[in-house]
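The block underneath contains the structure these notes are about, expressed in C-alpha cells.
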Amino acid sequence: MNHLFSIGLFIHIIGITCIAGGSIGGLVLESHIWKHIHESPEKVHVLGPLMSKYPVIIQAGTLLMLFSGLLMLGALGWTVAGQWWFIIKMLFVVALVLNGMLVAKPNGLKLRKLVPRLVKGENVKNDINKIKRNMTVFHISELGMLLIVYLLAIFRF
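Residue 244 in the numbering used here sits at position 101 of the sequence shown, and the numbers go up by one each step.
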C-alpha cells in the first residue's frame, strides 16, 4: 500500500504543478496582452489564441490531482477524508475550478471577441478595462487559493 501512496503523491504533485504553471503562464501571457492592447492591438490579436492553451494545462492538472487524490485516499483506507484540513483543501479545489469556469473563461471569451473590434478601431476601452479588472481579481484569488492548497497538502494542519 505504501508504494501506491507514493505513486499517488508523485502524480498529485505533478497535477498541482500543472495547475500552478498554467495559472502563472496565463498570467504572464495576459500581462503581455494588457501591455500591448491599446498601443498595438494587432499583437494582441496574434497572442489571443494562446489564451485558450493554458486552461488545457490547468484542466489536465486538475484531472491528475483528482485521480491521484483518489489513489492516495484508497492507499490510506479513506481515513483522511474526514479530517478538517482535507475538507478545507477540497473546498478550495472546488473553488479553484469554479473560479476558472465562472470568472476566467467568460472573461477570456469576451476579450477574444473584443480584440477584433479593437483592431477595427471601435471604442471598446471600457469593456476591456472591466475584463482586465475581473481577470486581476481572478489571478489574485487563484494564486491565493493555490497557495492555501499547497500549504494544506504539505502541512496537513
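The C-beta atom is built at its ideal place from N, Cα and C for all residues, glycine as well.
- Shown here, Gly-243 sits in a helix according to DSSP, grouped into three states.
- Distances from the CA of Leu-193 to each of Cys-161, His-175, Thr-205, Phe-210 were compared; the closest alpha carbon is that of His-175.
- As the crow flies, the alpha-carbon of Leu-152 is around 39 Å from that of Val-187.
- In the three-state reduction of the DSSP assignment, Asn-272 falls in the helix class, which pools H, G and I.
- Of the residues Ala-296, Leu-213, Val-262, the one whose Cα lies closest to the Cα of Gly-191 is Val-262.
- DSSP, reduced to helix, strand and coil, places Ser-183 outside both helices and strands of the structure shown, so it counts as coil.
- Within the same chain, Cβ atoms closer than 8 Å to the Cβ of Val-292 are found at Ile-159, Lys-232, Phe-235, Val-236, Leu-239, the five residues on either side in sequence being excluded.
- The shortest CA-to-CA distance from His-282 to any of Phe-148, Ser-166, Leu-147, Ile-150 is the one to Ser-166.
- Taking 8 Å as the upper bound for CB-CB distance, Leu-214 and Val-223 are not in contact here, some 12 Å apart.
- Selection Leu-172, His-155, Trp-177, Gly-169 evaluated against Arg-276 yields Trp-177 as nearest (Cα-Cα).
- If you draw a 10 Å sphere on the C-beta of Ser-183, you find fewer than 16 other C-beta atoms in it, and that means exposed.
- In the three-state DSSP reduction, Glu-285 falls in the helix class (H, G or I).
- Judged by DSSP secondary structure, Gln-226 falls outside any alpha helix (DSSP H); it is assigned neither H nor E.
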